[in-house]
Amino acid sequence: MRTRLYLNLGLTFESLQQTALCNDYFRKSIFLAEQNHLYEDLFRARYNLGTVHWRAGQHSQAMRCLEGARECAHTMRKRFMESECCVAIAQVLQDLGDFLAAKRALKKAYRLGSQKPVQRAAICQNLQHVLAVVRLQQQLEEAEGSDPQGAMAICEQLGDLFSKAGDFPRAAEAYQKQLRFAELLDRPGAERAIIHVSLATTLGDMKDHHGAVRHYEEELRLRSGNVLEEAKTWLNIALSREEAGDAYELLAPCFQKALSCAQHAQRPQLQRQVLQHLHTVQLRLQPQEAPDTETRLRELGVAEGEDEEEEAEEAAATAESEALEAGEVELSESEDDADGLTPQLEEDEELQGRLGRRKGSKWNRRNDMGETLLHRACIEGQLRRVQDLVRQGHPLNPRDYCGWTPLHEACNYGHLEIVRFLLDHGAAVDDPGGQGCEGITPLHDALNCGHFEVAELLLERGASVTLRTRKGLSPLETLQQWVKLYRRDLDLETRQKARAMEMLLQAAASGQDPHSSQAFRTPSSLLFDPETSPPLSPCPEPPSNSTRPPEASQAHARVSPGQAATAVARPRRSRHGPASSSSSSEGEDSTGPPRPSQKRPRCSATAQRVAARTPGPPSNREAATASTSRAAYQAAIRGVGSAQSRLGPGPPRGWSKALAPQAALIPEKECLAEDWLEQDTPLTRSRRPRPRGTGDNHRRSSTSGSDSEESRPRARAKQVHLTCVQSCSVPVNAGLSSLASEPPGSPSTARVSEPSGDSSAAGQPLGPALPPPIRVRVQVQDHLFLIPVPHSSETHSVAWLAEQAAQRYYQTCGLLPRLTLRKEGALLAPQDLIPDVLQSNDEVLAEVTSWDLPLTDRYRACQSLGQGEHQQVLQAVELQGLGLSFSACSLALHQAQLTPLLRALKLHTALRELRLAGNRLGDKCVAELVAALGTMPSLALLDLSSNHLGPEGLRQLAMGLPGQATLQSLEELDLSMNPLGDGCGQSLASLLRACPLLSTLRLQACGFGPSFFLSHQTALGSAFQDAEHLKTLSLSYNALGALALARTLQSLPAHTLLHLELSSVAAGKGDSDLMEPVVRYLAKEGCALAHLTLSANHLGDKAVRDLCRCLSLCPSLISLDLSANPEISCASLEELLSTLQKRPQGLSFLGLSGCAVQGPLGLGLWDKIAAQLRELQLCSRRLCAEDRDALRQLQPSRSGPGECTLDHGSKLFFRRL
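This is the structure:
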């Protein structure tokens, strides 16, 4: 019972969006289910927790939970449940971008099968999409290096594919890549304009309307001269600005330009379209200008134009639908197995055949809950969308998989105008819904949600007030139940409205013959087959003149809190799990998987209860009592703790033969004034007083109590541990009714019978038996300890247990916490005795109130790891303590010496800078580093340079840190001089995405080669483009080569990057094209680069001339380092200075040390140097005495103390302050 209760609480808090409590209760349910082998409840808890993590963006936790749920389904051999888990796992993998793994998961889901044909069709459709993405991505990887033209076409296909699937961020990324290829290939302007249109449309779908405007403006620039296209583009700009909420002053010029271009193009239909949009905007923002626009519309013939426009829109929608279907067929026919696995070829061909044959009406397309376009429009309250769909021929009364019609949805969400429109066009006003709707009509739905205006409209249109739900509730009783449930929370106005509605329903009921209740009307057009649209099921209606039993009348006035929350809050139905799994619902299928199509579930009475309450002849009722009671009892037991999934001993042989055909539940005539069900668990040493019924027990509905309830008050309920029933030696002929005939205080009901072997020794004195041992599970953060409580003369207290848990945590992690213990949310007092508050195998949660021991003592805990103290580390720890920064650089510490240091640094929450350069961290110690970094939420700088960190270590770092608080504030990361190699691109991209505030990244001498950026261009390019705060990037001393450097510079954020270090990145002396990608980068619009380092790249005078051409295009560049390039001569210096004279400002730094600049330079050149440069570094070994004399003469003649010169040895430094 507790397992299912925790699961229900988790689902309740999930609907309330209280994630922390939701996760806590799900974990409690998982723990109890694992402990008691309740595999079905374990599946539900893990599945729902996984979907919660998925919606929160915690993909790793979601994968772990869903994999656990899949294992449970596999253990129970529930193929459909395992298939649902595979589908959910595939969705998580698609979010992560791992389409290859998603393909494998979807193939497995397809092989396992589905419970409904529509679910199988959804799997096929999703698999079709994933197969296409995998195929295109593989083609793109092959074409990127060799065929840019083909790669550009593949990017367009990827963008279109992602757009159709609604994955707009990935679609925008694909279109951006297509645009980069087009610019690289210098494609015509018209072709690039089309790409900008795709980007603008996609950004509009992402609600980035200003970004869409920018791309429309680029399209406008590229289409200059084509007045028709300019008119359409100006109209798109105006509509995007309107969606962005811009002022009328910005919208009006766009509409006017669009209208002017349409007039020049002589397109009256386009003119009407522009004027109609302008008129709509004017009515909303500038009403005084609207009459003039309306007059111009009349002159163009609005009425005729509107008809033509509607026909054109309908034709376009039909063409789009046909194109979509044709594209699906073409894709399914051309799809091949990307893995090339021979054993799966036949299965894939069968799947493709099914995908290719799937084709139907354009209105028969549904989502995973069976909702049509009209359903979604009614749910979202889009009146214009509803009107358009109905006018275009959409059926009015389709059903989703649960049986709800669009009118049900509109009434449930309270959209009055949509309800009015549907009724005007013939929607079924008294439709009781399908098989899963419990006979709820739209009037019931509106009243059950408190929408009185909608209910009044339904009554005006002839809604029946006598139809009853399957629970037997009329509309009036539904309203009374709603008022009774929420009477404490209703204000005066709502109470008055409810009272008025009650009077209206009473008046309608009194003026209508109960026998002439309106018959159910079948919708005129049944467009969907019975397999996907449930048949109509009118609710059973009892005779009007018959009286119901008292228990039935009382059952109508009761409703569970879960029902009421669903009725009023009207949460969006979750597509990843059941909305409720209450164990008190007798009609629940405890063995079935959570069904995504179960929408707005109402806890229904079972068919057995309805049959048992229906009045009839006395003989028939008495004859059906035994079988009905047994069926109800079995249904109740099935709902308790998922008893059919328990792994335990079965009943003894011969039990079923000895059972007499008698009632399973206690007859109503028996006296139930006292407690009749005794706790049959064995007595333990802990004898806590069991509480009698609490104040709110009367609100809980019980399966057994609801049928036996009379007009007298109910007996207080007593909680019984039904999940730990022990098998007892009970006489076979003693039926269940003997429990009621025996007094509650009888000792025989509370005592387990002894084995027969002990009866012979009953007269002999027995020694005191030792009580069973007590073992307590203590959860301290991520560690679970099983602590035995020894038996001794002195009973141990809760404080002793907390101390034992702290010591175990200290031995494990090197940290000594101070703990307080809680049991199921209740705080345990330290002085209480353990047997008085805890039982064996109980789990308690330890909360850390503070941490003991200073940093030095924490480090000395390395003795528990069998490692001696390192004197230099000990000195560093003593000197730096718990300051804001900690440095242990250049100590060459190996992994065994680093482990105690990293453990000592755990929970150093104030630490801002951690420098560990010059050690031997390696890949094996990364796990300890990740564990330590996870407890440093304020860390801003991390230096791991020269630590023997390889690709595997970087992968562990990238997988372990995302989602933690550490990377959220990290600003500087140094991974230089680690042998990362070309294969670390994916891990580096993941690390960049997990650091939203990263401003400095140093990757010097990491072993990157020409294939570094080429092999992971998609992941790295996206990560660098999304790094909005990146200011400094160092890639020096990596032999990238010209091609890899070009790909790298294309992906860098040019509008934010300020410092770029590219020293010694040339592949060799023959790498002469190195300057070309640098020039293209500096010539980009909006390039903000201020400091550029190109030293030691084998550059010559030609490279400097190329660089001079773009200096005027990049005014932000103020620092340039060209040192260690011996082929740069004095001519390059003169050309640089001449180019700087044309710029508004010179350079603050120019480095030419190690270059071939020879003297004499001349006094004129020194004048230019003093005017254009603030700091110059030269190698004076090639300068002559005349240059030194000229510099000495120049210094006093100019700004005096503002300039200084240092001539020492072979170096010459000049600085102008």
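Numbering of the sequence shown is given in the numbering used here, commencing with residue 29 and proceeding in unit increments. For every residue, glycine included, the Cβ atom is placed at its ideal position computed from N, Cα and C.
Cβ neighbours of residue i in the same chain (closer than 8 Å, five flanking residues each side left out)
| i | result |
| --- | --- |
| Gly-946 | Cys-917, Ser-918, Leu-919, Ala-920, Ser-973, Ser-974 and Asn-975 |
| Ala-528 | Phe-480 |
| Glu-232 | Note that residue 232 is Gly in the sequence shown, not Glu. Cβ within range, chain order: Ala-240, Ser-268 and Glu-271. |
Residue i, DSSP secondary structure in three states
| i | result |
| --- | --- |
| Arg-846 | strand |
| Phe-41 | helix |
| Pro-816 | strand |
| Ala-1082 | coil |
| Phe-1177 | strand |
| Cys-50 | helix |
| Asp-1129 | helix |
| Cys-1207 | strand |
| Asp-870 | coil |
| His-936 | coil |
| Val-806 | strand |
| His-811 | strand |
| Ser-502 | coil |
| Gly-950 | coil |
| Ala-347 | Caution applies to Ala-347, whose pLDDT of 48 falls short of 50 and renders its modelled position unreliable; the value that the coordinates give is listed next. Three-state result, Ala-347: helix. |
Residues that residue i bridges to, as DSSP identifies them
| i | result |
| --- | --- |
| Asp-1260 | Past the boundaries of the shown model lies residue 1260; the chain is included only from 29 to 1245, so the question cannot be answered. |
| Gln-156 | Paired residues: none, contrary to the question. |
| Cys-93 | BP columns for Cys-93 are empty, so no partner. |
| Ala-854 | Lys-851 |
| Glu-875 | Thr-848 |
| Asp-1010 | Bridge partners of Asp-1010: none, in fact. |
| Leu-1121 | What sits at residue 1121 in the sequence shown is Thr, not Leu. DSSP lists Glu-1089 and Asp-1149 as partners of Thr-1121. |
| Arg-1030 | Asp-1002 and Ser-1062 |
| Ala-1184 | Ser-1157 |
| Leu-1201 | Leu-1175 |
Nonlocal neighbours in the same chain, by C-beta distance under 7 Å from residue i, ignoring five residues either side
| i | result |
| --- | --- |
| Leu-306 | Phe-283 and Thr-321 |
| Ala-101 | Phe-71, Met-109, Glu-110 and Cys-113 |
| Ala-1055 | Leu-1020, Leu-1026 and Pro-1081 |
| Ala-1051 | Ala-1017, Leu-1020 and Arg-1021 |
| Glu-25 | Because the chain here runs from 29 to 1245, residue 25 falls outside it and cannot be looked at. |
First and last residue of the uninterrupted alpha helix (DSSP H) at residue i
| i | result |
| --- | --- |
| Glu-257 | 255-272 |
| Ser-1092 | Taken as a continuous stretch (DSSP letters only), Ser-1092 belongs to no alpha helix (DSSP H), as it is neither H nor E. |
| Val-826 | 826-841 |
| Glu-437 | 434-441 |
| Ser-1043 | 1040-1043 |
| Ile-862 | 862-865 |
| Val-115 | 107-124 |
| Phe-196 | 196-213 |
Same chain only: Cβ atoms within 6 Å of residue i, ignoring 5 sequence neighbours per side
| i | result |
| --- | --- |
| His-238 | Ala-272 |
| Asn-264 | Tyr-244 |
| Glu-348 | Its pLDDT being 44, under 50, Glu-348 is placed unreliably in this model, and the value from its coordinates should be taken loosely. Excluding residues within five positions, none has a Cβ falling inside 6 Å. |
| Leu-971 | Here residue 971 is Asp; the residue named in the question, Leu, does not match the sequence. Counting only Cβ-Cβ distances below 6 Å, and skipping sequence neighbours, we find Arg-943, Ala-945 and Asp-1002. |
| Gln-832 | Ile-815 |
| Ala-526 | Val-511 |
Continuous beta strand (DSSP E) stretch holding residue i: start and end
| i | result |
| --- | --- |
| Arg-419 | Counting along the chain, Arg-419 falls outside any beta strand (DSSP E), though it belongs to the alpha helix (DSSP H) covering 411-419. |
| Glu-915 | The sequence given here places Ser at residue 915; Glu does not occur at that position. Where Ser-915 is concerned, the enclosing beta strand (DSSP E) stretches over 913-915. |
> Does the stretch 1194-1209 come close enough to the stretch 1173-1183 that 3 or more CB-CB pairs lie under 8 Å?
Replying inline: yes
>> For the pair the stretch 1136-1143 and the stretch 1100-1117, tell me if three or more CB-CB distances fall below 8 Å.
In response: yes
> Does the stretch 220-238 come close enough to the stretch 182-200 to have 3 or more Cβ pairs within less than 8 Å?
Replying inline: yes
>> If contact is defined by three or more beta carbon pairs under 8 Å, each pair taking one atom from either stretch, is the stretch 412-426 in contact with the stretch 449-464?
In response: yes
> Is it true that the stretch 857-871 meets the stretch 837-844, where meeting means three or more beta-carbon pairs spaced less than 8 Å apart?
Replying inline: no
> Taking contact to mean at least 3 C-beta pairs separated by less than 8 Å, is the stretch 923-930 in contact with the stretch 947-955?
Replying inline: yes
> Are at least three pairs of beta-carbons, each pair with one atom in the stretch 1036-1047 and one in the stretch 1003-1016, less than 8 Å apart?
Replying inline: yes
> Given 8 Å as the limit, is there contact between the stretch 461-476 and the stretch 486-499, that is, 3 or more CB pairs closer than that?
Replying inline: yes
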